[in-house]
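Down below is the structure, laid out as structure tokens.
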Amino acid sequence: MSNAVAATRRGMSDLTIRNLFIIPTLTFLILINIFPLFYSLILSFADYSAVSGDPPDWIGIRNYRELLHDPHVWESLYLTMKYVVISVSGQLVVGFGIALLLNRKIPAKGLITTLLLLPMMMSMAIVGLFWKLLYGPSWGIINYLLGLGKFVWLSNADVALVAIAITDIWMWSPFVMLLSLAGLSAIPQHLYEAAAIDRASRWFTFSRITLPLVTPLLLIAVIFRTLEAFKTFDLAFIMTGGGPGTATELIAIKLYNMAFPQWQTGKSCALAYILLIMIIGISNIYIKYLNKAKER
Numbered sequence: 001m002s003n004a005v006a007a008t009r010r011g012m013s014d015l016t017i018r019n020l021f022i023i024p025t026l027t028f029l030i031l032i033n034i035f036p037l038f039y040s041l042i043l044s045f046a047d048y049s050a051v052s053g054d055p056p057d058w059i060g061i062r063n064y065r066e067l068l069h070d071p072h073v074w075e076s077l078y079l080t081m082k083y084v085v086i087s088v089s090g091q092l093v094v095g096f097g098i099a100l101l102l103n104r105k106i107p108a109k110g111l112i113t114t115l116l117l118l119p120m121m122m123s124m125a126i127v128g129l130f131w132k133l134l135y136g137p138s139w140g141i142i143n144y145l146l147g148l149g150k151f152v153w154l155s156n157a158d159v160a161l162v163a164i165a166i167t168d169i170w171m172w173s174p175f176v177m178l179l180s181l182a183g184l185s186a187i188p189q190h191l192y193e194a195a196a197i198d199r200a201s202r203w204f205t206f207s208r209i210t211l212p213l214v215t216p217l218l219l220i221a222v223i224f225r226t227l228e229a230f231k232t233f234d235l236a237f238i239m240t241g242g243g244p245g246t247a248t249e250l251i252a253i254k255l256y257n258m259a260f261p262q263w264q265t266g267k268s269c270a271l272a273y274i275l276l277i278m279i280i281g282i283s284n285i286y287i288k289y290l291n292k293a294k295e296r
């Protein structure tokens, strides 16, 4: 009996100690995550500015209605989608291409792979400043290598967005490469041996063996990179600040300008939730394709 009581006391003591660790952590997470989430949702239905000193004025869905009828918001969404398509497509092609080259016996393969991973380990701010210097019209090495003279990349509305996307491709192609290498290394070698015995062409081997088996991991890479590219702020803000004009004003920069320089707090919260709904919708589409690819 005494042993049972002692065991119960020890159990209660362990439970108390566990709660002492868990409760403060949960409280902290609620304060920094859940509370701002719900509070910003409330503000999205209010006319409110953080610097006015006036309390939030409930206006229903007017913020959402005005945003959905604002041509500047749609222009930013179009630029964002264009940026996502260029950057993610480039990362997919470059990353998968490098993975195919590395998926063979080559000297110093481990060292080369490690060096190729360095861009994605760098700070986004450092990468933005570094490429801003590379694109410089007077001292940038890109113009020198391409023989373009003093071509202005980041101040040209026609190419500024593409220039930022190229920087994003350089930085995050290693992520796609890493996932692709994992998929390529998991393909059973006997499939290639059987294809060689049947004298299958390289294209047949690639399209019927390599690509289908790597597709699930490629879709995962596309999901992650699409969501991150859709939220791109720091790279574009550092390199162009959204300019020239509004040529690179991605939706995240539009949200920032609305929230701080313009101090339209309620409307910026509404735009943030519109962006959230779009990201959830895009991710669900990708997940459905991923599940179909796994079923095959």
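Numbering-wise (this note's numbering), the sequence shown opens with residue 1 and increments by one.
In this text, a Cβ means the ideal position worked out from N, Cα and C, and glycines have one as well.
Is DSSP giving residue i helix, strand or coil here?
i, result
"Ala-252", "helix"
"Asp-14", "helix"
"Ala-270", "helix"
"Ala-46", "strand"
"Ser-123", "coil"
"Gly-242", "coil"
"Ala-247", "coil"
"Trp-324", "The structure shown does not extend to residue 324, since the chain is modelled only from 1 to 296, so the question has no answer here."
"Asn-106", "The question names Asn, but residue 106 is Ile in the sequence shown. Correct three-state label for Ile-106: coil."
"Ile-313", "Here the chain covers residues 1 to 296 and nothing more, so residue 313 does not appear."
"Ser-52", "coil"
"Ser-40", "helix"
"Pro-261", "coil"
"Gly-149", "coil"
"Ile-61", "coil"
"Gly-281", "helix"
"Pro-137", "coil"
"Thr-8", "Legend: pLDDT at Thr-8 = 49, less than 50; position of this residue unreliable, value from coordinates given subsequently. In the structure shown, Thr-8 sits in a helix (DSSP, three-state: H, G or I)."
First and last residue of the alpha helix (DSSP H) that includes residue i?
i, result
"Phe-230", "211-230"
"Pro-56", "Looking at the DSSP string, Pro-56 is not in any alpha helix (DSSP H), and its letter there is neither H nor E."
"Pro-71", "71-102"
"Thr-113", "109-116"
"Ala-236", "234-239"
"Tyr-144", "141-146"
"Leu-31", "Note, Leu-31: premise wrong, no alpha helix (DSSP H); not H, not E."
Give me the Cα-Cα distance between residue i and residue j, rounded to the nearest whole angstrom.
i, j, result
"Leu-32", "Phe-38", "In the sequence as displayed, the identity of residue 32 is Ile instead of Leu. Computed Cα separation, rounded: 11 Å."
"Ile-279", "Leu-178", "24 Å"
"Ile-220", "Ser-87", "16 Å"
"Asp-47", "Leu-148", "50 Å"
"Leu-290", "Pro-55", "46 Å"
"Thr-8", "Ile-22", "Because the pLDDT of Thr-8 is 49, which lies under 50, any placement of that residue in the model is unreliable, and the number read from its coordinates should be weighed accordingly. Going from the Cα of Thr-8 to the Cα of Ile-22 covers about 21 Å."
"Ala-270", "Tyr-135", "36 Å"
"Gly-110", "Leu-117", "11 Å"
"Ala-165", "Ile-61", "34 Å"
"Leu-301", "Leu-184", "This structure leaves residue 301 out entirely; the chain is present only between 1 and 296."
"Gly-245", "Met-122", "29 Å"
"Ile-30", "Ser-40", "14 Å"
"Gln-189", "Gly-90", "29 Å"
"Ile-17", "Thr-25", "13 Å"
"Pro-212", "Tyr-78", "31 Å"
"Leu-57", "Leu-133", "This sequence places Asp at residue 57; Leu is not what is there. If you take the alpha carbons of Asp-57 and Leu-133, they lie about 46 Å apart."
"Phe-230", "Met-81", "7 Å"
"Gly-242", "Ser-155", "10 Å"
"Met-120", "Leu-250", "21 Å"
"Gly-53", "Trp-263", "12 Å"
"Thr-27", "Ile-42", "21 Å"
"Leu-191", "Phe-237", "48 Å"
"Met-124", "Trp-203", "38 Å"
"Ile-282", "Glu-228", "12 Å"
"Ser-138", "Val-159", "17 Å"
Where does residue i land, buried or exposed, given buried means 16+ other C-beta within 10 angstroms?
i, result
"Arg-104", "exposed"
"Trp-153", "buried"
"Ile-287", "exposed"
"Gly-140", "buried"
"Val-5", "Caution applies to Val-5, whose pLDDT of 47 falls short of 50 and renders its modelled position unreliable; the value that the coordinates give is listed next. Classification of Val-5: exposed, given that the 10 Å Cβ count is below 16."
"Leu-15", "exposed"
"Lys-267", "buried"
"Asn-19", "exposed"
"Tyr-83", "buried"
"Lys-150", "exposed"
"Ser-180", "buried"
"Ser-186", "Note that residue 186 is Ala in the sequence shown, not Ser. Ala-186 should be labelled exposed."
"Asn-284", "exposed"
"Arg-225", "buried"
"Ile-197", "exposed"
- [ ] Note down, one range per segment and in chain order, each beta strand (DSSP E) of at least 3 residues found wholly within the region 155-217.
- [x] For the region 155-217, not a single whole beta strand (DSSP E) run of length 3 or above is found.
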